[in-house]
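> Each residue of the sequence shown is one higher than the one before, starting from 1210 at the first, in our numbering. Just so it is clear, CB atoms sit at the ideal spot from N, CA and C, and this is done for glycine as well.
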Amino acid sequence: RLVSAEANPKESDCQELGIRPQTLEDYIGQKELKKILKIGIAAAQAREESLDHLLLYGPPGLGKTTMSLILASEMGVDCKITAAPALERPRDITGLLVSLKPGDMLFIDEIHRLNRMTEELLYPAMEDYRLDVTIGKGQSAKTRSIPLPRFTLIGATTKVGALTSPLRDRFGLIQRLRFYEVDELTIIVQRTAKILQTLITQEGAVEIARRSRGTPRIANRLLKRVRDYAQVEKVSTIDDKLANIALDVFDVDQKGLDWTDRLVLSTMVEQFGGGPVGLEAIAAATGEDSKTIEEVYEPYLLQIGYLNRTHRGRIVTPQAYEHLGYQGKLF
Ligand code: ADP
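1) Report buried or exposed for Ala1455, applying the criterion of at least 16 other Cβ atoms within 10 angstroms of its Cβ.
2) What residue does the alpha helix (DSSP H) around Thr1495 start on, and which one ends it?
3) Applying the criterion that 16 or more other CB atoms from any shown protein chain within 10 Å of the CB defines a buried residue, is Gly1312 buried or exposed?
4) Between the C-alpha atoms of Phe1540 and Lys1464, what's the straight-line distance to the nearest angstrom?
5) Does at least one heavy atom of the ligand ADP sit under 6 Å from the Cβ of Leu1305?
6) Looking only at its own chain, which residues have a Cβ that is under 6 Å from the Cβ of Gln1302, when we skip the five neighbours before and after it?
7) Buried or exposed for Arg1256, please, with buried defined as at least 16 other CB atoms from any protein chain shown within 10 angstroms of its CB.
8) Is Val1525 helix, strand or coil when you go by DSSP?
9) Could you tell me the alpha carbon to alpha carbon distance between Leu1488 and Leu1394, rounded to whole angstroms?
10) Buried or exposed for Ala1252, please, with buried defined as at least 16 other CB atoms from any protein chain shown within 10 angstroms of its CB.
11) For the beta strand (DSSP E) holding Ser1354, just list the boundary residues, first then last.
12) Please name the residue, chosen from Gly1304, Met1314, His1262, Leu1305, that lies closest to Ile1279 on a Cα-to-Cα basis.
13) For Val1486 versus Arg1426, is the C-beta distance shorter than 7 Å?
14) Between which residues of its own chain and Val1369 is the CB-CB distance below 6 Å, once the five residues before and five after are set aside?
15) Who are Asn1517's beta bridge partners in DSSP?
16) Could you check what DSSP says for Thr1361 in three-state terms: helix, strand or coil?
17) Measuring straight from C-alpha to C-alpha, what distance separates Arg1229 and Thr1424?
18) So, is His1520 buried or exposed, given that buried needs 16 or more other C-beta atoms within 10 angstroms?
19) Does the distance from the C-beta atom of Asp1457 to that of Gly1413 stay below 7 Å?
20) Using the three-state DSSP reduction, which class does Phe1481 fall into: helix, strand or coil?
21) Compare the Cα-Cα distances from His1321 to each of Val1435, Leu1376, Pro1268 and report the closest residue.
22) For Asp1392, count neighbouring C-beta atoms within 10 Å of its own C-beta (all shown protein chains included) and say buried if the count is 16 or more, exposed if not.
23) Measure the beta-carbon distance from Leu1451 to Ala1439 and round it to whole angstroms, keeping in mind my assumption that it falls under 8 Å.
24) Should Ile1397 be listed as close to the ligand ADP, given that the test is whether its C-beta is under 6 Å from any heavy atom?
25) With a threshold of 16 other CB atoms inside 10 Å of the CB of Gly1482, please say whether the residue is buried or exposed.
26) Return the CA-CA distance between Tyr1389 and Glu1215, expressed in angstroms with no decimal places.
27) Verify whether the separation of the beta carbon atoms of Thr1526 and Thr1495 is less than 7 Å.
28) So, for Gly1227: in the same chain, excluding its five sequence neighbours on each side, which residues have a beta-carbon less than 7 Å away from its beta-carbon?
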């Protein structure tokens, strides 16, 4: 799916690496976050300490991993990257923790998905830089404490509410990443175009930015597809007209919605009178997974005011009716 904000495993790391900002200056937008982290970095450096544990939350593709790598490079330390699903057995997390050097960062993506055992190993590690391991089984089992170097844990999650409170409470900083404005995404598109050695006009970049669902990862992906289209059509410079035509071909509409977004909204209108309707009912009627709807499609539809969440269920707003062309039919 072109407008999915989730990382696409097929997009190779080196493709991502080339365009991933490496410094705070290159990291566009998120002004509040940058301000707070700059203070944290300066204070930690002045005290010659590691940065406090940091929890970053927000929809996928907004720059959580990127920010962690930048923080590590600003602090002059290494950053190990993992994700909760890869930390199934206790030895997965203990192995990582004992391999850290003083000051290093450990980035755990999807941290709300940690299993209990792994999470409990993290508590003393985060709080006292200590690893409590049990050796042996049954009556002869003994607990041993292994000291760890001071390190910074960076947790990333799309669902901050799903974290247990003992884990959440152990983060010194909890920061939310916001959807990006069109002018910020325009700069990101222009920057990526330059790296990809692709010519693009200001208007062309704005057009792509407008359809990127407030998300840098999507902006970069759309740019790559428009660039393919330009190449096939033998056009040397991407302008707004070409971007428009190409994105229509890829079925990404003026608001960045694709076929599935429109299916979700039109199903709610046509089968449920616009709501309120529960998530499971929407999932059943559209054949989509309810978690995917909740975590991937819905955040942006809520953000642009096309959906509202009430305690009785989801409601389609008049703006969405208008966008879908229902105006006059139902109002
Ligand atoms: P997340 O970890 O939140 O899912 P990533 O950090 O992997 O998101 O970001 C996805 C891509 O978007 C990165 O490869 C990077 O190229 C781009 N990106 C993210 N944030 C920014 C930003 N603030 N400025 C420029 N590019 C960004």
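Taking the definition as stated:
1) buried
2) 1488-1495
3) buried
4) Note that Phe1540 scores a pLDDT of 44, beneath 50, so its modelled location is shaky; the value from the coordinates is reported in the next line. So the alpha carbons of these two residues sit roughly 22 Å apart.
5) no
6) Strictly speaking, residue 1302 in this sequence is Ile, with Gln absent from that position. For Ile1302, where only same-chain residues beyond five positions count, the Cβ hits under 6 Å are Leu1296, Thr1327, Leu1330.
7) exposed
8) strand
9) 30 Å
10) exposed
11) 1351-1356
12) Met1314
13) No, the pair does not count as a contact, with Cβ atoms beyond the cut-off.
14) Take Val1369, set aside five residues on each side of it, and the residues of its chain with a beta-carbon closer than 6 Å to its own are Tyr1266, in chain order.
15) The partner list for Asn1517 (beta bridge, DSSP) reads Ile1524.
16) strand
17) 14 Å
18) exposed
19) Contact: no.
20) helix
21) Leu1376
22) exposed
23) Right, their Cβ atoms sit about 6 Å apart.
24) yes
25) Gly1482 comes out exposed.
26) 16 Å
27) no
28) Closer than 7 Å at Cβ, skipping near neighbours: Ile1404.
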